[in-house]
Structure formats: C-alpha cells, structure tokens
Amino acid sequence: MTGTTAEGIEIDRDFAASPAAVFAAWTTPQHFARWFGGKDVEVPVDTLDFIAEPGRTWQAQMILPNGTTIEWTGRFNEVIPDERLVFTLTDRPGESVQAEVVVELTAIATGTRMHFTQQTPDFSAEEQESLITGWESFIDELERIASA
Numbered sequence: 006m007t008g009t010t011a012e013g014i015e016i017d018r019d020f021a022a023s024p025a026a027v028f029a030a031w032t033t034p035q036h037f038a039r040w041f042g043g044k045d046v047e048v049p050v051d052t053l054d055f056i057a058e059p060g061r062t063w064q065a066q067m068i069l070p071n072g073t074t075i076e077w078t079g080r081f082n083e084v085i086p087d088e089r090l091v092f093t094l095t096d097r098p099g100e101s102v103q104a105e106v107v108v109e110l111t112a113i114a115t116g117t118r119m120h121f122t123q124q125t126p127d128f129s130a131e132e133q134e135s136l137i138t139g140w141e142s143f144i145d146e147l148e149r150i151a152s153a
C-alpha cells in the first residue's frame, strides 16, 4: 500500500531486480547520488558521506534545478544486506529531530517487493502527500538503477 499511516507515510513498490540490486541502489554512494532527489536534482558525489554501517552518520548536499542547496544528514541505525535498512534523515542539520526511514526488501517471483516507511512528525496531510510524491519520483530513479 502507498499512503499515510498514524506515524507517517508508506510506499510499496515491486522491482524487476533482485533484493541485492535494490539494496545496492540504496546503499552504494554513487547510486544514491544518482537517484536521491529525483532526475532533476544533483547530489555531487564529492559532497556525499554515505557509508551504510550501523551507528555511522551520513550527509549529502542536494542542488535543486534553481540552484538552491539543501543539506541532508542522518544516521544509519540498522543495515541488514539485501533485507532491511533503517536510517534517519533531516534537512535541518542543526536540529536534533530526525525522521526514521525503514526500507524492507522481500524476494518475490518477479524480483523484489520494497516496503518503505518514513516518520512524519508534525506534518500536515498536504505535506505528507507531497512527501509521498517526492519519494515516489526518487524511487522511480532508484528503480532504473536497480534494474540496470
């Protein structure tokens, strides 16, 4: 299902790719830089500190088409290769509140089913819907990488 929950948002997506390929698209810095933000956004690899290991922090710089820069940061909480990735993120690095993202991958006959959730504390319904739309565009790009 894709939609809102009591805690945040969720997105389900099936990929014609193995769980290993989908997991690699999530956790390989060069892949992450290509899909995070969608096709029209740049995440320079040289600004990316993204090593998926439990307890490590990560950071990325996102450059929007209009030149606006967004700084992202978070922490990897759980990394189970090809199965589960749990991390936090925020676009307000100076603040302590970070939303938790959980990515669960399950092998299916046609490839991989991904169940994605993100906490959305204090988000309005409109903000949640906008977040779903944004993540879906990111995941469209992730799918291209995983299926290549």
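For the sequence shown, the positions run 6 to 153 when the numbering used here is used. Don't be surprised by glycine CBs; every beta carbon is placed ideally from N, CA and C.
task = Let me know the secondary structure DSSP gives D51 once reduced to three states.
result = As a working mapping, residue 51 is identified with position 46 in the sequence shown. Three-state result, D51: helix.
query = Taking the alpha-carbon positions, what's the R39 to A11 distance?
reply = As a first step, residue 39 is located in the sequence shown; it is residue number 34 there, counting from the start. As a first step, residue 11 is located in the sequence shown; it is residue number 6 there, counting from the start. In a straight line, the C-alpha of R39 is about 31 Å away from that of A11.
6 Å Cβ shell around T93 - same chain, five flanking residues per side excluded = Translated into positions along the sequence shown, residue 93 becomes position 88. Within the same chain, T93 has close Cβ partners G79, R80, Q103 and E105.
key: Among D87, T7, D45 and R61, the one whose alpha carbon lies nearest that of G72   = The residue given as residue 72 occupies position 67 in the sequence shown. Of all alpha-carbon atoms in D87, T7, D45 and R61, the one lying nearest the alpha-carbon of G72 is that of D45.
inquiry  = Judging by CA-CA distance, which residue of G8, A130 and V108 is the nearest neighbour of A29?
reply    = The count along the sequence shown starts at 1 and reaches residue 29 at position 24. That would be V108, whose Cα lies nearest to the Cα of A29.
query = To which residues of the same chain is A65 closer than 7 Å at the C-beta, ignoring the five residues directly before and after it?
reply = Along the sequence shown, read from residue 1 onward, the residue named residue 65 stands at position 60. Here the set comprises F41, V48, T52, L53, F55 and W77.
ask   = With C-beta atoms as the reference, is S152 less than 8 Å away from F37?
value = Translated into the one-based positions of the sequence shown, residue 152 becomes position 147. Translated into the one-based positions of the sequence shown, residue 37 becomes position 32. No, they are not a contact pair.
request  = On a CA-only basis, which of I75, I144, G43 and P70 is nearest M119? Give me that one, please.
outcome  = Counted from its first residue, the sequence shown places residue 119 at position 114. Checked all of I75, I144, G43 and P70; the closest Cα to M119 is I144.
query = Between which two residues does the beta strand (DSSP E) containing Q123 stretch?
reply = Walking along the sequence shown from the start, residue 123 turns up at place 118. Start and end: G116 to Q124.
inquiry  = Does G139 pass the burial test, meaning 16 or more other C-beta atoms within 10 Å, or should it be called exposed?
reply    = The residue labelled residue 139 in the question sits at position 134 within the sequence shown. G139 is exposed by the Cβ-count criterion.
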